[in-house]
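Residue numbers (the working numbering): 1 to 134.
Beta carbons: idealized from backbone N, C-alpha and C, even for Gly.
Here is the structure we will look at.
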């Protein structure tokens, strides 16, 4: 589970295609990875990914064909900036929301309006997902 609050930004260091799937190497910028191990989850651009390798400044994750199809990862390139968030711990304060990080589809931005110091987006939800949202 995640709060949905971005903890830091990083970038994509490498992308390797593997039979329709892809292996990504993510540079984590100033994020401390010392408390994470292989098998832990980390949200990248809001999607929950599993760490399969890591060092002090980066981690590796395999992205399935389905993940590539249901997210914007297929449009990212080496050097692309990414948003990062570690999975929440039950002992943490929840600053935001509880979100699962599992992406089920890609919406389409229909409208973008400035609203005081905020920006309000109107997003079209894919038909199969509309029954889950009100």
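Based on DSSP bridge pairs, tell me the residues matched to residue i.
i           : result
residue 58  : 27
residue 117 : Partner(s): none; residue 117 has no beta bridge.
Return the Cβ separation of residue i and residue j in integer angstroms, given the expectation that the two are a contact with Cβ distance under 8 Å.
i           : j           : result
residue 57  : residue 27  : 6 Å
residue 42  : residue 51  : 6 Å
residue 15  : residue 85  : So it is not a contact: roughly 21 Å between Cβ atoms.
residue 133 : residue 122 : Not quite, the Cβ-Cβ distance comes to about 13 Å (not below 8 Å), so this is no contact.
Taking C-alpha atoms, which residue in the options lies nearest to residue i?
i          : options            : result
residue 72 : 7, 108, 9 and 121  : 108
residue 87 : 124, 75, 48 and 63 : 48
residue 23 : 13, 29, 30 and 32  : 13
residue 33 : 59, 3, 19 and 125  : 59
Does residue i come out as helix, strand or coil in the three-state DSSP assignment?
i           : result
residue 36  : coil
residue 13  : strand
residue 65  : helix
residue 131 : helix
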